[in-house]
Amino acid sequence: MSAPGAQGSGGTAGSPAISIIVPCYNEVANIAPLVAKLETALEGRHWEVIFVDDNSPDGTTEAVRAQARQKSYVRGICRVGRRGLSSAVIEGVLSSSAQVVAVMDGDQQHDETRLVALIDAVADGGCDVAVGSRHVEGGSNAGLANAWRHALSNGGIWLAQCFLPVKLTDPMSGFFAVRQETFAAIAPRLSGAGFKILLDLLLSSAKPLKVQEIACGFRPRVAGESKLDTLVMLQFVALLLEKFSHGLVPLRFVAFCLVGLAGVGTNFGVMHLVRFFGVHFSVAQAVGTVVAMIVNFVLDNNFTYRDRRLHGQRCVWGLLVFMLVCSIGALANVGVAHMMYAQSYRLDEASLAGAVLAVVWNYTMSSTLIWRP
Ligand code: GDD
Ligand code: MN
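With full-length UniProt numbering applied, the sequence shown covers 1 to 373.
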């Protein structure tokens, strides 16, 4: 086999023409097999692969380094204290100086034999983004684990299509190629949260991108586990809301409100539970409020501010400040609602104004005092 770094396809010596960006978290068993697959699929091209790993505890970082020591066309970025597929891809793409970048998963689910077609579609200038689609003729979605994942995927595609400026059968795909400069120009507007970097890219571009779809299979996972969880799904909904409101409603604020709603539910449920044991309403409501604040803090720490997550002792301090901030928010809520009601006697509007003020206060204080950038 020829050495990939020595081949030329328009790139200057030492700077590959193609970068394959691979986000990976706990994929230790997939690294070496994926590199071997890329060597075959991209033979004769001038390419490199950039693994972006979030300091995986399973040894992925070492597996990438072991490959990189032997092969000049393997590079690794290891991020510490950060998590997220989309943000990993953004950092990988921005670290590349290739003309064309292709993004694919690190678990061998994407069909690497389609890479050349994706790259050439972009390099020829025929389109801005070439997307590996499971839903055009010849594509397949066989690798999705079960009927639930199929339903989720189809629901997500339908929802995304409602927002998209371009026609696309598989906007949820994480397998695509794009010119590096196109991506870099859009990068400052990307939200970077969650799993759906392609969707983020399409929704964040100032002008609709020209997209071409290329049939692609999606294999079952052979090693490791999927990282898709409820939080990632909520981040998907929040991404659509942020983009739909043209950034007026920041993703983090949407997440904060969703968590707040969960808090209202918790407060309600706990209050009823405590009342069930014959406790006075005021005490039951107080217990419900404290539990709701703790639940909100945990959710915000793991979801809303996932990238700024507090650990250990800072977590305890954070919780205390959070409870103080929320208590002041609650007082302001009641105070403003009371003032407005006294002036207008409009119950609903007064109540809503109080609630909005409290949410904005809690959010602003949380973002600046507790989970500082
Ligand atoms: N660096 C980093 N950080 N990588 C991550 C993280 C993270 O927090 N979370 C997931 N990844 C990596 C995984 O290690 C894997 O290589 C890739 O991102 C995809 O993650 P999976 O957990 O395997 O996702 P999936 O199989 O459920 O979903 C995939 O299929 C979708 C098609 O519906 C993803 O590729 C999606 O992008 C794709 O749209
Ligand atoms: Mn996967």
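Note that beta-carbon positions come from the ideal geometry of N, C-alpha and C, so glycine has one too.
Same chain only: Cβ atoms within 8 Å of V129, ignoring 5 sequence neighbours per side:
V122, F176, A177, V178, T182, L198, L201, L202, L209, K210, V211, Q212
Would the stretch 288-302 count as touching the stretch 255-270 if we require 3 or more Cβ pairs under 8 Å?
Here the stretch 288-302 lies against the stretch 255-270, with 3 or more beta-carbon pairs under 8 Å apart.
Range of the contiguous beta strand (DSSP E) that encloses D53
47-53
Using the three-state DSSP reduction, which class does C315 fall into: helix, strand or coil?
helix
Which residue marks the beginning of the alpha helix (DSSP H) containing E91, and which one marks its end?
85-94
Do you know how far the Cα of G260 is from the Cα of S87?
25 Å
Does the stretch 318-334 come into contact with the stretch 358-368, if we say contact requires no fewer than three beta-carbon pairs (one atom in each stretch) closer than 8 Å?
yes
Evaluate the contact criterion for the stretch 249-256 versus the stretch 53-66: three or more CB pairs, one atom per stretch, below 8 Å.
The stretch 249-256 and the stretch 53-66 do not touch, with fewer than 3 CB-CB distances between them shorter than 8 Å.
Does V254 come out as helix, strand or coil in the three-state DSSP assignment?
helix
Helix, strand or coil, according to DSSP, for Q212 in the structure here?
For Q212, the three-state secondary structure derived from DSSP is strand.
How should T304 be labelled, buried or exposed, when 16 other C-beta atoms within 10 angstroms of its C-beta is the threshold for buried?
So T304 counts as buried.
With a threshold of 7 Å (Cβ to nearest heavy atom), would M172 be considered close to the ligand GDD?
yes
Following a CB-centred definition, is L352 positioned closer than 7 Å to any heavy atom of the ligand GDD?
no
Only counting the same chain, and skipping five residues up and downstream in sequence, which positions put a Cβ closer than 7 Å to that of G126?
Q212
Under 8 Å by Cβ, that's how I've got V54 and R83 pegged, so tell me the actual separation to the nearest angstrom.
Position check: residue 54 holds Asp in this sequence, whereas Val was assumed. About 5 Å; that satisfies the 8 Å criterion.
When F51, A223, A66, G81 are compared against residue 398, the one with the closest alpha-carbon:
As shown, the chain starts at 1 and ends at 373. That puts residue 398 outside it, with no answer to give.
Would DSSP call G269 helix, strand or coil?
helix
Taking any heavy atom of the ligand MN as the mark, which residues have a C-beta closer than 7 Å to it, listed down the chain?
D105, D107, Q109, R221, S226
Measuring only from the beta carbon, is D54 closer than 7 Å to any heavy atom that is part of the ligand GDD?
yes
Apart from the five residues just before and just after C78, which ones in its own chain have a Cβ nearer than 7 Å to its Cβ?
D53, N55, T61
Who pairs with residue 410 in a beta bridge, going by DSSP?
Nothing about residue 410 can be reported from this structure: the residues present for the chain run from 1 to 373 only.
Is DSSP giving A102 helix, strand or coil here?
strand
Taking Cβ to Cβ, would you say D170 is nearer than 8 Å to V232?
no
Reduced DSSP category for G263 - H, G, I as helix; E, B as strand; rest coil:
Here G263 sits in helix by DSSP.
Which residues DSSP lists as bridging V178, in chain order
The partner list for V178 (beta bridge, DSSP) reads V101, V129.
Which residue from H272, A238, Q180, F195 puts its Cα closest to that of V100?
Q180
Closest to Q70 by CA distance: which of A160, S140, A32, D107 is it?
A32
Along the beta strand (DSSP E) that carries V74, what are the first and last residues, could you check?
74-78
For H110, which three-state DSSP category applies?
strand
Taking only three categories from DSSP, how would you classify F218?
Strand, per DSSP.
Would L198 count as contacting chain C if we go by Cβ distances under 8 Å?
Here there is only one protein chain, and chain C is not present.
Cβ neighbours of H110 in the same chain (closer than 6 Å, five flanking residues each side left out):
When the five nearest sequence neighbours on each side are left out, the beta carbons in the same chain lying within less than 6 Å of the beta carbon of H110 are those of M104, F175, in order along the chain.
Taking its Cβ as the centre, do 16 or more other Cβ atoms sit within 10 Å of Y345, making it buried, or is it exposed?
By the 10 Å Cβ count, Y345 comes out exposed.
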